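Enquirer: Quick one: the structure is below, and I'll ask about it shortly.
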Ligand SMILES: [Zn+2]
Ligand SMILES: [Zn+2]
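Residue numbers (my numbering): 54 to 180.
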């Protein structure tokens with residue numbers, strides 16, 4: 054399983070940003086079907102590095118040596134991790150209470166599914 058980003062124009066968000074992220078076994082966008090294994094589309098589907106969340110120890114700046122999604126196990130050397138809740142992108146880490154607490158503590162607004170709602174951008178005035 055890997056994390057990928059589709060940068061095809063048809064997958065842009067409402068603000069025109071080319072950052073539709075998805076998890077998949079293969080670099081193929083589930084939304085527009087772009088196949089990143091075809092060389093001319095290779096720059097459209099970008100492999101994202103999974104960044105796990107490693108909680109801080111009692112000393113600021115030094116992590117506890119394990120990541121939120123595999124508690125009780127030392128973090129494998131090849132795994133990349135961050136102590137910043139807002140930067141971590143591992144879905145399993147972000148599903149943990151440890152991440153949730155850190156996110157709330159750092160002032161990051163966390164969206165709970167049951168209270169999730171769509172915010173409208175303010176309308177742009179015509180020039
Ligand atoms: Zn796409
Ligand atoms: Zn993780």
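All residues carry an ideal CB built from backbone N, CA and C; glycine is no exception. Remember, predicted model here, so these are calculated numbers, not experimental data.
Are there 16 or more other CB atoms within 10 angstroms of the CB of residue 148, so buried, or fewer, so exposed?
Expert: exposed
Enquirer: Could you tell me which residues DSSP puts in a beta bridge with residue 58?
Expert: 74, 99
Enquirer: Does the distance between the C-beta of residue 73 and the nearest non-hydrogen atom of ligand 1 fall short of 7 Å?
Expert: yes
Enquirer: Can you name the residues that DSSP bridges to residue 116?
Expert: 109
Enquirer: Report back the beta-carbon spacing between residue 107 and residue 134 to the nearest angstrom; my notes put them in contact at under 8 Å.
Expert: That pair is a contact at about 4 Å.
Enquirer: Helix, strand or coil: how does DSSP classify residue 151 here?
Expert: Helix, per DSSP.
Enquirer: Is it a yes or a no for the segment 115-129 touching the segment 81-88, going by three-plus beta-carbon pairs under 8 Å?
Expert: Not touching, per the Cβ criterion.
Enquirer: Can you check DSSP and say which residues form a bridge with residue 135?
Expert: 106.
Enquirer: Rounded to the nearest angstrom, how far is the Cβ of residue 101 from that of residue 143, given a contact under 8 Å?
Expert: Contact between residue 101 and residue 143 is ruled out by a C-beta separation of about 11 Å, above the 8 Å threshold.
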